[in-house]
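In this note's numbering, the protein residues as written are 23 to 120.
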């Protein structure tokens with residue numbers, strides 16, 4: 023499928039690309055070749071090939087969830103820049119605007 027210069031200029035505009043005349047000429051032939059190749063791929067019989075989401079077998083690489091004791095509150099708040107008077111909570115500056 024051969025693209026025209028006007029079509030390539032339109033594609034470049036949609037992609038927010040500024041192409042000069044040489045680049046438009048080059049892209050016209052390159053994009054046309056890509057579309058020709060895609061058309062050739064459409065001709066292949068893929069009825070016997072099962073659909074796949076990935077060609078590489080994937081496994082979950084995350085660790086298993088385990089219940090473990092959390093850090094003591096004193097240790098967690100030890101590096102806090104500011105904490106409540108009773109030492110129970112982090113204190114942060116309000117960032118809300120009215």
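The C-beta atom is built at its ideal place from N, Cα and C for all residues, glycine as well.
The stretch 23-30 touching the stretch 39-51, judged by at least three CB pairs closer than 8 Å: yes
Runs of alpha helix (DSSP H) lying entirely within the stretch 65-99, each at least 4 residues, in chain order: 95-99
CB contact flag (residue 99, residue 109, <9 Å): Position 77 of the chain shown holds residue 99. Position 87 of the chain shown holds residue 109. It is a contact, given that the beta carbons lie within the stated cut-off.
Residue 89 burial status per 10 Å Cβ neighbour count (16 or more: buried): Along the chain shown, read from residue 1 onward, the residue named residue 89 stands at position 67. Its Cβ having fewer than 16 others within 10 Å, residue 89 is exposed.
Rounded C-alpha distance that separates residue 94 from residue 107: Taking the first residue of the chain shown as position 1, residue 94 is located at position 72. Taking the first residue of the chain shown as position 1, residue 107 is located at position 85. Roughly 18 Å between the two C-alpha positions.
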